[in-house]
Amino acid sequence: MFIKTLIITSFLTTYVVSDSCVTYNFEENFDDTAGSYGICSSGWSAWILDEYSNLNLDGPDERSTKFITPRRDASTSCWSSSVFTISPGGTLDVKIYMDSEDSGGSIDLFVFYDGTNTIAGIGFVNSQTIKGWYTMNVPLSTSSTIKAYISILGVASTSSTVLVDSFRYKPPGMNESLCQTYEDPPTTPVPTTTPQPTTTTVPTTIPEPTTNEPTTTSESTTTPRPTTTIAPTVTSPVSTTASPCVSPPTDAEDTTWFWTKIIIGLIIILNLIVLVLTCIIFYELGRRKAVVPSLRREVSTPQ
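Under mature numbering (1 follows the signal peptide of the UniProt record, and there is no 0), residues -18 to -1, 1 to 285 are what the sequence shown spells out, in order.
In C-alpha coordinates, the structure reads:
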(Lines of atoms letter the chains of each structure in order from A and count residues from 1; the text may use other names and numbers.)
(Lines give C-alpha, C1' and ligand atoms only; values in the text may rest on other atoms or scores of the structure.)
Protein backbone atom coordinates (compact mmCIF):
# COMPACT_ATOMS: atom_id res chain seq x y z
CA MET A 1 0.00 0.00 0.00
CA PHE A 2 2.87 2.37 0.83
CA ILE A 3 4.59 1.75 -2.52
CA LYS A 4 1.31 2.31 -4.40
CA THR A 5 0.75 5.58 -2.54
CA LEU A 6 4.30 6.75 -3.30
CA ILE A 7 3.89 6.01 -7.03
CA ILE A 8 0.71 8.10 -7.10
CA THR A 9 2.56 10.80 -5.16
CA SER A 10 5.16 11.14 -7.91
CA PHE A 11 2.41 12.37 -10.26
CA LEU A 12 0.75 14.72 -7.77
CA THR A 13 3.61 16.57 -6.06
CA THR A 14 4.98 19.89 -7.25
CA TYR A 15 8.41 18.51 -8.10
CA VAL A 16 9.70 19.99 -11.34
CA VAL A 17 12.07 17.55 -13.06
CA SER A 18 13.76 18.70 -16.27
CA ASP A 19 17.12 17.20 -17.27
CA SER A 20 17.59 16.07 -13.64
CA CYS A 21 16.77 19.53 -12.18
CA VAL A 22 14.62 19.01 -9.05
CA THR A 23 12.77 21.80 -7.21
CA TYR A 24 10.08 21.86 -4.53
CA ASN A 25 8.36 24.90 -2.96
CA PHE A 26 5.48 23.57 -0.76
CA GLU A 27 2.87 25.57 -2.72
CA GLU A 28 0.68 22.58 -3.66
CA ASN A 29 -0.10 18.98 -2.62
CA PHE A 30 1.88 19.09 0.64
CA ASP A 31 -0.22 16.26 2.14
CA ASP A 32 0.62 14.05 -0.86
CA THR A 33 4.41 14.26 -0.46
CA ALA A 34 6.44 11.47 1.15
CA GLY A 35 6.92 13.44 4.40
CA SER A 36 7.56 10.57 6.80
CA TYR A 37 9.75 8.50 4.48
CA GLY A 38 13.16 7.12 5.56
CA ILE A 39 14.45 8.28 8.93
CA CYS A 40 11.32 10.41 9.45
CA SER A 41 9.30 7.21 9.87
CA SER A 42 10.96 6.62 13.27
CA GLY A 43 8.41 8.55 15.32
CA TRP A 44 9.56 12.15 14.83
CA SER A 45 7.01 14.97 14.91
CA ALA A 46 5.87 16.26 11.51
CA TRP A 47 6.59 19.76 10.20
CA ILE A 48 3.62 22.16 9.96
CA LEU A 49 2.49 23.82 6.70
CA ASP A 50 1.78 27.55 7.15
CA GLU A 51 1.44 30.79 5.14
CA TYR A 52 3.52 33.99 5.19
CA SER A 53 0.38 36.09 5.62
CA ASN A 54 -0.04 34.58 9.11
CA LEU A 55 3.45 35.80 10.10
CA ASN A 56 3.22 39.22 8.44
CA LEU A 57 6.38 38.20 6.55
CA ASP A 58 7.17 38.49 2.84
CA GLY A 59 8.41 35.34 1.12
CA PRO A 60 11.72 35.25 -0.77
CA ASP A 61 9.80 35.37 -4.07
CA GLU A 62 6.57 37.15 -4.98
CA ARG A 63 5.11 33.78 -6.01
CA SER A 64 5.99 32.18 -2.66
CA THR A 65 3.06 32.03 -0.21
CA LYS A 66 3.67 28.89 1.90
CA PHE A 67 6.41 27.25 3.99
CA ILE A 68 6.96 24.50 6.58
CA THR A 69 7.99 25.08 10.20
CA PRO A 70 8.81 22.80 13.18
CA ARG A 71 6.50 22.52 16.16
CA ARG A 72 7.25 25.29 18.69
CA ASP A 73 7.66 23.00 21.68
CA ALA A 74 11.44 22.40 21.50
CA SER A 75 10.85 18.89 20.11
CA THR A 76 12.46 17.68 16.87
CA SER A 77 10.32 17.73 13.72
CA CYS A 78 11.24 15.69 10.62
CA TRP A 79 10.29 15.90 6.90
CA SER A 80 11.58 13.81 3.97
CA SER A 81 11.40 14.38 0.23
CA SER A 82 10.64 11.81 -2.44
CA VAL A 83 13.52 9.99 -4.15
CA PHE A 84 15.37 11.75 -6.97
CA THR A 85 18.64 11.38 -8.92
CA ILE A 86 21.89 13.00 -7.76
CA SER A 87 25.01 13.21 -9.95
CA PRO A 88 28.63 14.01 -8.97
CA GLY A 89 29.23 17.77 -8.99
CA GLY A 90 25.58 18.69 -8.47
CA THR A 91 24.50 21.34 -5.94
CA LEU A 92 21.72 21.31 -3.33
CA ASP A 93 20.35 24.67 -2.10
CA VAL A 94 17.75 25.09 0.67
CA LYS A 95 16.08 28.47 1.30
CA ILE A 96 15.44 28.99 5.05
CA TYR A 97 14.51 31.78 7.47
CA MET A 98 15.44 32.16 11.16
CA ASP A 99 14.61 34.81 13.76
CA SER A 100 14.93 34.02 17.45
CA GLU A 101 15.15 35.86 20.77
CA ASP A 102 17.05 32.91 22.22
CA SER A 103 19.18 30.03 20.94
CA GLY A 104 16.25 27.64 20.58
CA GLY A 105 16.16 27.27 16.79
CA SER A 106 18.11 24.88 14.56
CA ILE A 107 17.90 23.01 11.24
CA ASP A 108 19.84 19.82 10.37
CA LEU A 109 19.68 18.53 6.78
CA PHE A 110 20.77 15.06 5.62
CA VAL A 111 21.05 13.55 2.12
CA PHE A 112 20.67 9.74 2.19
CA TYR A 113 21.31 7.02 -0.37
CA ASP A 114 17.93 5.41 -0.98
CA GLY A 115 17.76 1.84 0.33
CA THR A 116 20.95 1.88 2.42
CA ASN A 117 20.45 5.16 4.36
CA THR A 118 24.15 5.98 3.92
CA ILE A 119 24.77 9.72 4.30
CA ALA A 120 25.69 11.47 1.02
CA GLY A 121 25.55 15.04 2.34
CA ILE A 122 24.97 16.98 5.56
CA GLY A 123 24.46 20.59 6.66
CA PHE A 124 23.22 22.35 9.80
CA VAL A 125 22.58 25.90 11.07
CA ASN A 126 21.19 27.44 14.28
CA SER A 127 19.58 30.70 15.34
CA GLN A 128 22.79 31.94 17.02
CA THR A 129 24.52 32.38 13.66
CA ILE A 130 21.62 32.93 11.22
CA LYS A 131 19.21 35.89 11.29
CA GLY A 132 16.72 36.41 8.46
CA TRP A 133 16.80 34.75 5.04
CA TYR A 134 19.63 32.33 4.28
CA THR A 135 20.45 29.81 1.54
CA MET A 136 22.00 26.57 2.79
CA ASN A 137 24.50 25.12 0.30
CA VAL A 138 24.76 21.44 1.19
CA PRO A 139 27.93 19.71 -0.11
CA LEU A 140 27.32 16.33 -1.78
CA SER A 141 29.88 13.52 -1.52
CA THR A 142 29.12 11.00 -4.26
CA SER A 143 31.39 9.60 -6.96
CA SER A 144 28.59 8.24 -9.15
CA THR A 145 24.96 8.92 -10.03
CA ILE A 146 22.68 7.69 -7.22
CA LYS A 147 19.06 7.65 -6.10
CA ALA A 148 18.70 9.71 -2.93
CA TYR A 149 16.30 11.69 -0.75
CA ILE A 150 16.70 14.52 1.76
CA SER A 151 15.49 14.65 5.37
CA ILE A 152 15.17 17.95 7.26
CA LEU A 153 15.20 17.96 11.09
CA GLY A 154 14.18 21.19 12.82
CA VAL A 155 13.75 22.55 16.36
CA ALA A 156 11.92 25.76 17.33
CA SER A 157 11.00 27.37 20.66
CA THR A 158 7.97 29.52 21.43
CA SER A 159 10.04 32.69 20.91
CA SER A 160 11.72 31.64 17.65
CA THR A 161 10.75 31.55 13.97
CA VAL A 162 12.28 28.70 11.97
CA LEU A 163 11.00 27.87 8.48
CA VAL A 164 11.93 26.24 5.16
CA ASP A 165 10.62 27.88 1.97
CA SER A 166 11.96 25.59 -0.75
CA PHE A 167 14.85 23.46 -1.98
CA ARG A 168 16.54 22.95 -5.34
CA TYR A 169 18.93 20.34 -6.74
CA LYS A 170 20.84 21.56 -9.83
CA PRO A 171 22.88 19.01 -11.81
CA PRO A 172 26.46 19.90 -12.82
CA GLY A 173 26.85 22.23 -15.79
CA MET A 174 23.19 23.29 -15.95
CA ASN A 175 22.43 26.98 -16.52
CA GLU A 176 20.70 28.79 -13.63
CA SER A 177 17.89 29.95 -15.91
CA LEU A 178 16.98 26.32 -16.68
CA CYS A 179 16.58 25.34 -13.03
CA GLN A 180 14.37 27.90 -11.26
CA THR A 181 12.51 27.18 -8.02
CA TYR A 182 9.62 29.40 -9.14
CA GLU A 183 8.94 29.24 -12.88
CA ASP A 184 7.95 32.38 -14.77
CA PRO A 185 4.31 32.36 -15.96
CA PRO A 186 3.85 31.71 -19.71
CA THR A 187 3.45 34.83 -21.85
CA THR A 188 0.89 35.16 -24.67
CA PRO A 189 2.10 37.02 -27.79
CA VAL A 190 0.09 40.12 -28.70
CA PRO A 191 -1.66 39.61 -32.07
CA THR A 192 -0.80 42.00 -34.91
CA THR A 193 -3.78 43.96 -36.27
CA THR A 194 -3.84 44.74 -40.01
CA PRO A 195 -5.39 48.15 -40.74
CA GLN A 196 -8.46 48.06 -42.98
CA PRO A 197 -7.71 49.48 -46.49
CA THR A 198 -9.75 52.51 -47.61
CA THR A 199 -11.47 52.46 -51.03
CA THR A 200 -12.29 55.80 -52.69
CA THR A 201 -15.03 55.90 -55.39
CA VAL A 202 -14.27 58.25 -58.33
CA PRO A 203 -17.48 60.09 -59.44
CA THR A 204 -18.43 59.99 -63.16
CA THR A 205 -19.58 63.25 -64.83
CA ILE A 206 -21.99 63.03 -67.83
CA PRO A 207 -21.84 66.08 -70.15
CA GLU A 208 -25.14 67.83 -70.83
CA PRO A 209 -26.20 67.31 -74.51
CA THR A 210 -27.20 70.29 -76.74
CA THR A 211 -30.68 69.91 -78.19
CA ASN A 212 -33.77 71.97 -78.84
CA GLU A 213 -35.82 69.66 -76.69
CA PRO A 214 -35.03 69.33 -73.00
CA THR A 215 -33.33 66.10 -72.21
CA THR A 216 -33.65 64.45 -68.80
CA THR A 217 -30.73 62.36 -67.67
CA SER A 218 -31.22 60.05 -64.73
CA GLU A 219 -28.59 60.22 -62.00
CA SER A 220 -26.19 57.29 -62.13
CA THR A 221 -25.66 55.12 -59.10
CA THR A 222 -22.11 54.18 -58.10
CA THR A 223 -21.68 51.10 -55.95
CA PRO A 224 -18.41 51.06 -53.92
CA ARG A 225 -16.25 47.93 -54.10
CA PRO A 226 -16.59 45.84 -50.92
CA THR A 227 -13.54 45.76 -48.71
CA THR A 228 -12.21 42.40 -47.52
CA THR A 229 -10.07 42.29 -44.37
CA ILE A 230 -8.00 39.20 -43.66
CA ALA A 231 -8.28 38.32 -39.97
CA PRO A 232 -4.86 37.79 -38.34
CA THR A 233 -4.04 34.29 -37.22
CA VAL A 234 -2.65 34.00 -33.68
CA THR A 235 -0.81 30.84 -32.86
CA SER A 236 -0.45 30.07 -29.18
CA PRO A 237 2.93 28.60 -28.15
CA VAL A 238 2.87 24.94 -27.38
CA SER A 239 3.99 24.35 -23.84
CA THR A 240 5.75 21.07 -23.26
CA THR A 241 6.27 19.98 -19.72
CA ALA A 242 8.46 17.04 -19.08
CA SER A 243 6.77 14.34 -17.10
CA PRO A 244 8.36 14.02 -13.66
CA CYS A 245 10.48 10.97 -13.31
CA VAL A 246 10.69 10.15 -9.63
CA SER A 247 11.61 6.64 -8.63
CA PRO A 248 9.58 5.04 -5.86
CA PRO A 249 11.61 4.40 -2.73
CA THR A 250 12.12 0.92 -1.42
CA ASP A 251 11.43 -0.38 2.06
CA ALA A 252 14.76 -2.19 2.37
CA GLU A 253 16.76 -1.76 5.57
CA ASP A 254 20.52 -2.03 5.88
CA THR A 255 22.94 -2.63 8.73
CA THR A 256 24.21 0.96 8.36
CA TRP A 257 20.86 2.24 9.66
CA PHE A 258 22.00 1.68 13.27
CA TRP A 259 25.13 3.81 12.75
CA THR A 260 23.11 6.46 10.92
CA LYS A 261 20.90 6.92 13.99
CA ILE A 262 23.98 7.20 16.22
CA ILE A 263 25.53 9.87 13.92
CA ILE A 264 22.31 11.91 13.93
CA GLY A 265 22.05 11.63 17.72
CA LEU A 266 25.68 12.74 18.17
CA ILE A 267 25.13 15.77 15.92
CA ILE A 268 22.05 16.83 17.90
CA ILE A 269 23.91 16.34 21.21
CA LEU A 270 26.86 18.38 19.84
CA ASN A 271 24.50 21.23 18.98
CA LEU A 272 23.05 21.13 22.51
CA ILE A 273 26.56 21.18 24.04
CA VAL A 274 27.47 24.23 21.93
CA LEU A 275 24.33 26.01 23.10
CA VAL A 276 25.02 25.19 26.79
CA LEU A 277 28.66 26.35 26.55
CA THR A 278 27.53 29.59 24.91
CA CYS A 279 25.09 30.26 27.76
CA ILE A 280 27.82 29.55 30.37
CA ILE A 281 30.23 31.95 28.65
CA PHE A 282 27.67 34.75 28.57
CA TYR A 283 26.85 34.08 32.25
CA GLU A 284 30.52 34.28 33.31
CA LEU A 285 31.05 37.49 31.34
CA GLY A 286 28.02 39.07 33.00
CA ARG A 287 29.17 37.97 36.48
CA ARG A 288 32.66 39.35 35.98
CA LYS A 289 31.31 42.67 34.80
CA ALA A 290 29.32 42.86 38.03
CA VAL A 291 32.31 41.91 40.29
CA VAL A 292 34.88 44.35 38.83
CA PRO A 293 33.04 47.59 39.83
CA SER A 294 32.59 46.33 43.41
CA LEU A 295 36.33 45.58 43.70
CA ARG A 296 37.18 49.03 42.40
CA ARG A 297 34.98 50.66 45.03
CA GLU A 298 36.65 48.66 47.80
CA VAL A 299 40.11 49.68 46.57
CA SER A 300 39.19 53.37 46.31
CA THR A 301 37.63 53.44 49.81
CA PRO A 302 40.18 54.90 52.34
CA GLN A 303 41.09 52.65 55.27
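Every residue gets a Cβ at the ideal spot worked out from N, C-alpha and C, and that includes glycine.
C-alpha gap between SER85 and TRP115, whole angstroms: Within the sequence shown, residue 85 is the residue found at index 103, counting from 1. Within the sequence shown, residue 115 is the residue found at index 133, counting from 1. Pairing SER85 with TRP115, the inter-Cα distance amounts to about 17 Å.
With 16 other Cβ atoms within 10 Å as the buried cut-off, status of PRO121: The residue labelled residue 121 in the question sits at position 139 within the sequence shown. Looking at its Cβ environment, which holds fewer than 16 other Cβ atoms inside 10 Å, PRO121 is exposed.
Should the region 133 to 140 be called in touch with the region 45 to 60, which here means at least 3 C-beta pairs below 8 Å? The region 133 to 140, when compared against the region 45 to 60, does touch it at the 8 Å Cβ threshold.
I need the boundaries of the beta strand (DSSP E) containing PHE66, first residue and last residue. Here the question's residue 66 lines up with position 84 in the sequence shown. Residue range 66 to 68 is occupied by the beta strand (DSSP E) that includes PHE66.
Per DSSP, which one or two residues make a beta bridge with ASP81? Mapped onto the sequence shown, residue 81 falls at position 99. Per DSSP, THR143.
Sub-9 Å separation of ILE21 and SER62 beta-carbons: Translated into positions along the sequence shown, residue 21 becomes position 39. Translated into positions along the sequence shown, residue 62 becomes position 80. Contact: yes.
Which first and last residues belong to the beta strand (DSSP E) in which GLY105 is found? Translated into positions along the sequence shown, residue 105 becomes position 123. Note, GLY105: beta strand (DSSP E), 101 to 108.
Starting from GLY129, follow the beta strand (DSSP E) in both directions and report where the run begins and ends. Taking the sequence shown and counting its residues from 1, the one referred to as residue 129 is at position 147. Here the sequence assigns Lys to residue 129, which means Gly is not the residue at that position. Taken as a continuous stretch (DSSP letters only), the beta strand (DSSP E) holding LYS129 covers 128 to 137.
Would you tell me roughly how many angstroms separate the C-alpha atoms of ALA234 and TYR19, rounded to the nearest one? For the purposes of this step, residue 234 is identified with residue 252 of the sequence shown, where counting begins at 1. For the purposes of this step, residue 19 is identified with residue 37 of the sequence shown, where counting begins at 1. For ALA234, the predicted structure reports a pLDDT of 49, less than 50, and the residue's modelled location is therefore unreliable. The matter cannot be settled from this model.
Are three or more beta carbon pairs between the region 140 to 156 and the region 69 to 81 nearer than 8 Å? Output reads yes: the region 69 to 81 touches the region 140 to 156.
Thinking C-beta only, is THR242 closer than 9 Å to residue 355? The structure shown does not extend to residue 355, since the chain is modelled only from -18 to 285, so the question has no answer here.
Please state if the CB of ASP147 and the CB of GLY41 are separated by a distance shorter than 9 Å. In the sequence shown, the residue the question calls residue 41 occupies position 59. In the sequence shown, the residue the question calls residue 147 occupies position 165. Contact annotation: GLY41 and ASP147 have beta-carbon atoms nearer than 9 Å.
Per DSSP, what kind of secondary structure is ILE89 in: helix, strand or coil? Position 107 of the sequence shown holds residue 89. Per DSSP, reduced to three states, the secondary structure at ILE89 is strand.
Nearest-angstrom beta carbon gap, GLU83 and LYS48 [assumed within contact, 8 Å]: As a first step, residue 48 is located in the sequence shown; it is residue number 66 there, counting from the start. As a first step, residue 83 is located in the sequence shown; it is residue number 101 there, counting from the start. That belief does not hold up - the Cβ atoms of LYS48 and GLU83 are roughly 25 Å apart, past 8 Å.
Boundaries (first-last residue) of the beta strand (DSSP E) holding TRP61: As a first step, residue 61 must be located in the sequence shown, where it is residue number 79. Note, TRP61: beta strand (DSSP E), 59 to 62.
So which of THR100, ASP75, LEU31, ILE262 has the shortest CA-CA distance to CYS161? Start at 1 with the first residue of the sequence shown, and residue 161 comes out as number 179. Measuring from the Cα of CYS161, the nearest candidate turns out to be ASP75.
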